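For reference, the structure is listed below as structure tokens.
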Amino acid sequence: MANKERKMLLQGNEACALGALDAGCRFFAGYPITPSTEIAEKLSEELPKVGGRFIQMEDELGSICACIGASAMGRKSLTSTSGPGFSLMQEGIGYACCTEMPVVIVNVMRGGPSTGLPTAPAQGDVQQARYGSHGDHEIIVLSASTVAECYHQTVRAFNLAEKYRTPVIMLIDEVVAHMRQNVVLPDAKDLEIIDRKHPQVHPDWYHPYDNENQVPVLADFGEGYRYHVTGLIHDENGYPTTVTEEVTAFIMRINRKISENVDDICRIEYLGSARPDVLVVAYGSVMLTAQEAILKVKEKHKLNVGLVRIDTLWPFPDQLLDKLIDKVKKTCKKIVIAEMNFGQVYREIERINRGRLPLDAYFQVNGELIQPDAIYKKITGVKK
Amino acid sequence: MKMGNIPDHVVFKYLRKNKKFPHIFCPGCGHGIILGALIRAIDNLKVDKNKIVMVSGIGCSSRAPVYSDFSSFHTLHGRALAFATGVKLANPELNVIVITGDGDASAIGGNHFIHACRRNIDITTLVLNNNIYGMTGGQYSPTTPVGGIASTAPFGNIEKPFDICELANGAGASFVARGTAFNVTAMIKIIEQAIVKKGFSVVEAVSQCHTAFGRRNKMKSPVEMMKWQRDSAVDIRAWDKLPEEKRTGKFKIGVLADHEYPEYTHEYQKIIDRAQGKGKEVKK
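Rendered as structure tokens:
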């Protein structure tokens, strides 16, 4: 068959839905909420065509719970939501971490707090995505700044969820979700798709939460391995335990399976000058604003600007940014961070920077997309 | 039943070999009796062990699945039915059995409960109702009777309790029944019917918690609580003949509702067929 690249005009939400389908997603449970609803709408139409299942649940917590239930049956599962719904899902996200059930959550960030600004963009959920669910756990969070990235990052989210048996969160914002762009999607057959591993041993020899494996090999329910899944801290057989050694082994493993694989999980994209005078850090729709601002800087000033796009928000790409700062610190006069919150990524950069370069920031929390001029002024220091 | 026969006892066929015992239930708790009834019902029906998934929420009742040798899912407080909905829809050929309690099903999980009834998805739900939050030490639940004493109702409960069966029937469940830990043989039959029924089945299993409820409410021992069950439970056939004034303080047991409603996964399969263009006339 000929290469089936697909030229399409899509919005970010639709691209997330198509990325999920191409990654092998066959279950969706969700609850209507602006500005993420198009993902549910698209999948309600597309999933049954490929034998998948769609259900509209009674709330967002029910939605993520249904997804985890379906995941335990071996179906790759997706839910999508926004601000208030994401807050409701936190208990389920913690459960998926503890039981190591792969699931992907798309959170389209809107203005908050509370009901906030349902149709306006924001990036106020970055720290919530990391620390929103109680207890110590690692989490994988990806971002996207264009429609094409929505597609590819959703595919990657499923791959990471399956590989590390963990929930993966896609954080996009309202602008990226609703923006329409021409994209060329690859033939789904050309994608690298990762599927979870299944046990090969006899059921009597099967230890579902064996700490010898960094990522446990979990059977689908109904396969003949009758094991126990619980949100209580559990031993290698999945049974509740309070034995200190067993608790330690479990907690360390579920954290280490992420923290010891940051080389695989963390990604940033560096664009622009190799010897920058100014370094700009952005993610999501602010990335587009930053690119526009940099074009204007090039027109008017003899300044070299480097631009960093953060593709993996959590675990935060400490090593990658640390190396980058070391590399550019000879020429670079400052780092500019722009985001639609009051510094949720800024503080991470501040931590990694360790005072090597001066930091400057542009924070905006008013429901408006950051305008290129605001970033332009920060880069150049021009007041007007 | 001879003592020497214990290894052949039906319950032992379904106990997990590698699970550490004792279980967490207090001596005298009704939950073990009801779990035993469930296991006997499954054994009578000869359902394949590998095709059963037990799902539970949080609370004493929800600890039951861990002891039995099925795939088991101990989930979040109140959310067992949401998980179970995902399980059943993802793999409709599995028998999904939910074990939940009065607080788990009708307080924190009340919304999931009525929506699972409304969808009529083929899940069997046992609500182990002991009228109290036992695990946390005896706080009043949505089924604590008015006037009942609880650790958070030291002057008596003033909230009108739910009738879980009425709630399930009103919300659209296709099979609704009630039994007690005392009337255990009837309970086995009821659970068998509930498992066989295609659609959402609710069995309210009245259980005793003398530890957290009985001791505060003039029923100090499990025996007194079971006597209360014996004296208060009226078979549905006798209930209708019982004059109104004699019904006070009593409740009916047996199959209370049995409807034929379209089942959710069956209806969803039609959606899949329609989306895939099956069943349509193919023009040549």
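Here the protein sequences come in this chain order: A and B.
According to my numbering, the first sequence is numbered sequentially starting from 8.
According to my numbering, the second sequence is numbered sequentially starting from 12.
From the three backbone atoms N, C-alpha and C, an ideal C-beta is built for every residue, glycine too.
No experiment lies behind these values; they were computed from the predicted model shown.
Burial state of residue i, where buried means 16 or more other Cβ atoms lie within 10 Å
i	result
residue 135 of chain B	buried
residue 201 of chain B	buried
residue 137 of chain A	buried
residue 163 of chain A	buried
residue 23 of chain B	exposed
residue 155 of chain B	buried
residue 60 of chain A	buried
residue 281 of chain A	exposed
residue 77 of chain A	buried
residue 318 of chain A	buried
residue 248 of chain B	exposed
residue 324 of chain A	buried
residue 259 of chain A	exposed
residue 81 of chain B	buried
residue 361 of chain A	exposed
residue 99 of chain A	buried
residue 38 of chain B	exposed
residue 254 of chain B	exposed
residue 13 of chain A	exposed
Extent of the continuous alpha helix (DSSP H) to which residue i belongs
i	result
residue 124 of chain A	Where residue 124 of chain A is concerned, there is no enclosing alpha helix (DSSP H), although the beta strand (DSSP E) it sits in stretches over 124-128.
residue 233 of chain B	233-243
residue 17 of chain A	Careful: residue 17 of chain A lies outside any alpha helix (DSSP H), inside the beta strand (DSSP E) at 13-18.
residue 196 of chain B	195-207
residue 133 of chain A	133-138
residue 155 of chain A	154-171
Contacts of residue i in chain A (Cβ-Cβ under 9 Å)
i	result
residue 134 of chain B	Those within 9 Å of residue 134 of chain B in chain A number zero; the least Cβ separation is about 11 Å.
residue 119 of chain B	Those within 9 Å of residue 119 of chain B in chain A number zero; the least Cβ separation is about 10 Å.
Partner residues on chain A for residue i, Cβ-Cβ distance less than 8 Å
i	result
residue 105 of chain B	80, 228, 229
residue 80 of chain B	233
residue 144 of chain B	Neighbours of residue 144 of chain B on chain A: none; closest Cβ ~18 Å, over 8 Å.
residue 98 of chain B	76, 77, 79, 80, 228
Residue interval of the beta strand (DSSP E) (run including residue i)
i	result
residue 212 of chain B	212-217
residue 235 of chain A	235-237
residue 92 of chain B	First-last for residue 92 of chain B: 91-101, but that is the alpha helix (DSSP H), not the beta strand (DSSP E).
residue 37 of chain A	32-37
residue 112 of chain B	106-112
residue 1 of chain A	The requested residue 1 of chain A is not part of the displayed model; chain A covers only 8 to 391.
Euclidean distance between Cα positions of residue i and residue j
i	j	result
residue 117 of chain A	residue 182 of chain A	9 Å
residue 278 of chain A	residue 287 of chain A	10 Å
residue 215 of chain A	residue 262 of chain A	17 Å
residue 392 of chain A	residue 120 of chain B	Examination of residue 392 of chain A is not possible in this model, given that chain A is present from 8 through 391 alone.
residue 213 of chain B	residue 140 of chain B	12 Å
residue 257 of chain B	residue 243 of chain B	11 Å
residue 197 of chain A	residue 95 of chain B	35 Å
residue 21 of chain A	residue 46 of chain A	6 Å
residue 12 of chain B	residue 51 of chain B	Low confidence applies to residue 12 of chain B: its pLDDT is 46, below 50, so where it sits in the model is not reliable, and the reading given next is rough at best. Their backbone Cα atoms lie some 15 Å apart in a straight line.
residue 68 of chain A	residue 41 of chain A	16 Å
residue 102 of chain B	residue 109 of chain B	15 Å
residue 11 of chain A	residue 190 of chain A	14 Å
residue 36 of chain B	residue 189 of chain B	22 Å
residue 342 of chain A	residue 365 of chain A	6 Å
residue 23 of chain A	residue 49 of chain A	10 Å
residue 363 of chain A	residue 149 of chain B	58 Å
residue 153 of chain B	residue 212 of chain A	44 Å
residue 267 of chain A	residue 222 of chain A	12 Å
residue 274 of chain A	residue 160 of chain A	11 Å
residue 248 of chain A	residue 286 of chain B	46 Å
residue 62 of chain B	residue 271 of chain B	24 Å
residue 58 of chain B	residue 203 of chain B	11 Å
residue 295 of chain B	residue 106 of chain B	The predicted position of residue 295 of chain B is uncertain, since its pLDDT is 47 and thus under 50; a value taken from the coordinates is nonetheless stated next. So the alpha carbons of these two residues sit roughly 42 Å apart.
Partners in chain B for residue i, counting only beta-carbon separations shorter than 7 Å
i	result
residue 244 of chain A	29
Amino acids of chain B, ordered along the chain, whose beta-carbon sits closer than 9 Å to that of residue i
i	result
residue 396 of chain A	Any answer about residue 396 of chain A is impossible in this case: the structure gives chain A only from 8 up to 391.
residue 172 of chain A	In chain order: nothing, as chain B lies at least about 16 Å away.
Heavy atom of the ligand ZN within 7 Å of residue i beta-carbon
i	result
residue 251 of chain A	This structure lacks the ligand ZN, and indeed carries no ligand of any kind.
Beta-carbon neighbours of residue i, restricted to chain A and to distances below 7 Å
i	result
residue 62 of chain B	229
Chain-ordered chain B contacts of residue i [CB-CB under 8 Å]
i	result
residue 66 of chain A	122
Runs of 4 residues minimum, wholly inside the region 115-151 of chain B: which ones carry the alpha helix (DSSP H) assignment?
121-130
Could you name each continuous beta strand (DSSP E) segment of 3 residues or more that falls completely within the region 310-383 of chain A, going from the start of the chain to the end?
312-317, 319-321, 341-346, 366-370
Quick check for students: name the residue ranges of the alpha helix (DSSP H) that lie wholly in the region 33-83 of chain B, counting only runs of 4 or more.
42-56
Can you check the region 255-313 of chain A for any beta strand (DSSP E) of at least 3 residues that lies completely inside it and give the ranges in chain order?
275-279, 285-289
In chain order, which beta strand (DSSP E) runs of at least 3 residues are fully inside the region 177-220 of chain A?
187-192
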